[in-house]
Amino acid sequence: MKTFSFLLLISFIMSCDNSVKQNNTDTNLTKTETLSSLLESSKIVDLTYDYSDETVFWVTAKEFELEKVAYGMTDNGFFYAANNFCMAEHGGTHVDAPIHFAEGKQSVDEIPLTKLTGSGIKIDISDKAKGNRDYLVSIDDITDWESKFGEIPENSIVLLYTGHSSFYPDKEKYLGTVERGPEAIKDLHFPGLSPEAATWLTQKRKIKAIGIDTPSIDFGQSYEFKSHVILLEENIPAFENVANMSELPDAGFAIIALPIKIKGGSGGPLRIIALL
Ligand SMILES: [Zn+2]
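FYI, the numbering used here numbers position 12 of the sequence shown as 6, with every residue one higher than the one before it.
Take a look at the structure:
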């Protein structure tokens, strides 16, 4: 009798286990179908610049170089193309990993993917920043957005649209100089996030990541890179040189931002898209 009960119990557990597995599979299938149909019905906006001779890099950083390795028909009768490329981590559309300005914090390969994906909001200050290449995004700019659309939802990815991207890739207008090297740093002029607003965002709101349509989250005339330090110390990655933000609404879109996975990297090229 005891043996029979035991067998019954085992078969009951097994059937439970199977039905749990079945339920999980059903849930996963439903989830996959929902995700797939959402993806198919969404408009995708590419927020990424391409890499070429024109790509804007920080004035002291190694620019993009493409070396053609092969292009053409091979002796074996098939076509073959391949290149080598070389560049700094920080150029074009890229991410600053926390370790870029905060010792011991996450490198680019360590940023959790959950921080790089999620719902986005766009704070449009293009009217205010127009004609002022040294514009600093203020706390008021953020609270103005909130007075229209409500408090920034928890775990948002915040995109700052200054309109400065309209100058990309004209280096004179976009960076403030065509010169390169350490001497060119003093000539950098482009908008950025004020350290006060960076502090406010880290203390008063809970955001996953931040992005801007300029070369840096700190403005061009910054020498202490305070907004970088404030955000990155809190493990909030910063996306820089974000493209095509004019195509985004103020809220109601999802962001997928996937950087190259350089082990120990301080940042790297980023393919960032918005789904609306
Ligand atoms: Zn950077």
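All C-beta atoms, glycine included, are put in the ideal place defined by N, C-alpha and C.
For residue i, does the three-state DSSP call read helix, strand or coil?
i, result
"Asn235", "coil"
"Ile20", "A quick correction: the sequence has Asp, not Ile, at residue 20. Of the three classes helix, strand and coil, the one that applies to Asp20 here is helix, per DSSP."
"Phe161", "helix"
"Ala245", "strand"
"Ala268", "strand"
"Leu107", "helix"
"Ile250", "strand"
"Leu182", "coil"
"Leu195", "helix"
"Ser46", "coil"
"Ala123", "helix"
"Val172", "coil"
Need the endpoints of the beta strand (DSSP E) that residue i sits in, please.
i, result
"Ser113", "111 to 118"
"Ile256", "Per DSSP, Ile256 belongs to no beta strand (DSSP E) and is neither H nor E."
"Asp40", "38 to 40"
"Tyr65", "59 to 67"
Apply the 10 Å Cβ neighbour rule to residue i and answer buried if 16 or more other Cβ atoms are within range, or exposed otherwise.
i, result
"Lys50", "Note that residue 50 corresponds to Val in the displayed sequence, not to Lys. That one is buried."
"Met81", "buried"
"Ser188", "buried"
"Phe0", "For Phe0, the predicted structure reports a pLDDT of 39, less than 50, and the residue's modelled location is therefore unreliable. A value from the coordinates is still provided. Burial call: exposed."
"Lys165", "buried"
"Val172", "exposed"
"Ile206", "buried"
"Leu33", "exposed"
"Lys116", "buried"
"Phe73", "exposed"
"Tyr217", "exposed"
"Ser159", "buried"
"Met239", "buried"
"Phe79", "exposed"
"Glu234", "buried"
"Arg265", "exposed"
So who's on the other strand from residue i, going by DSSP bridges?
i, result
"Met81", "Answer is none; Met81 lacks a bridge partner."
"Ser150", "Ile201"
"Tyr217", "Answer is none; Tyr217 lacks a bridge partner."
"His88", "Glu234, Pro263"
"Leu206", "First, the amino acid is wrong: residue 206 is Ile here, not Leu. Note: Ile206 sits in a beta bridge opposite Leu154."
"Phe73", "Met67"
"Phe51", "Gly85"
"Leu29", "DSSP lists no partner for Leu29."
"Leu130", "Gly186"
Quick check on the DSSP output: the alpha helix (DSSP H) that includes residue i runs from which residue to which?
i, result
"Leu225", "220 to 227"
"Lys142", "133 to 143"
Distance cut 6 angstroms, beta-carbon to ligand 1 heavy atom: residue list by chain order: His84, His88, Asp90, Glu234, Gly261
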